[in-house]
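Structure first, then comments.
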Amino acid sequence: MTDESTQLHVVFSGQVQGVGFRQTTVQIARSYPVTGWVKNLPSGNVELIAEGTKTACSDFLAAIRERMFEYVNDIDCSWQTASNEFEHFEIHY
């Protein structure tokens, strides 16, 4: 089994804006071989796109969940084929 590059799309809901969620996510991303972005949505949710191996993306998501669990009520995840368009992980506005 190979661990090829994939894309993880996540929408976090709860008290996820105004609590440093995006900045914390970028800090966590530095510890994982992932690229992509995180941004606030007008709905009050936070959206994330991460690309890397499935293992790296899964571990990255687990680290976000562990660090920010008190603010998150729900996480909606989906997996797609990686676009390979990102050079690093950053905040999008």
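Be aware that the sequence shown starts at 181, since it is given in the working numbering, and climbs by one per residue. By construction, the Cβ of each residue, glycine as well, lies at the ideal position given by its N, Cα and C atoms.
Strand pairing of residue i, partner residues [DSSP]
i	result
L228	V190 and V218
S185	T233
Beta-carbon separation (whole angstroms), residue i vs residue j, contact threshold 8 Å
i	j	result
V252	G232	No, V252 and G232 are not in contact; Cβ-Cβ is about 21 Å, not under 8 Å.
V196	E227	No, V196 and E227 are not in contact; Cβ-Cβ is about 10 Å, not under 8 Å.
S193	N225	5 Å
Cβ-based burial, residue i [other Cβ within 10 Å; buried from 16]
i	result
Y187	Looking at the sequence provided, one finds Gln at residue 187 rather than Tyr. Per the 10 Å Cβ criterion, buried.
F240	buried
R202	buried
Any non-hydrogen atom of the ligand GDP within 7 Å of residue i CB
i	result
W259	The ligand GDP is not part of the structure shown, which contains no ligands of any sort.
Cβ pair residue i, residue j closer than 8 Å
i	j	result
I255	V206	no
H189	I244	no
F269	G200	no
A293	Y212	Summary: the structure shown does not reach residue 293, with the chain confined to residues 181 through 273, and so no result is reported for it.
K234	D183	yes
Original post:
Which ranges would you report for the alpha helix (DSSP H) in the stretch 230-270 if only whole runs of at least 4 residues count?
Top reply: If we require 4 residues or more, the alpha helix (DSSP H) runs fully inside the stretch 230-270 come out as 234-248.
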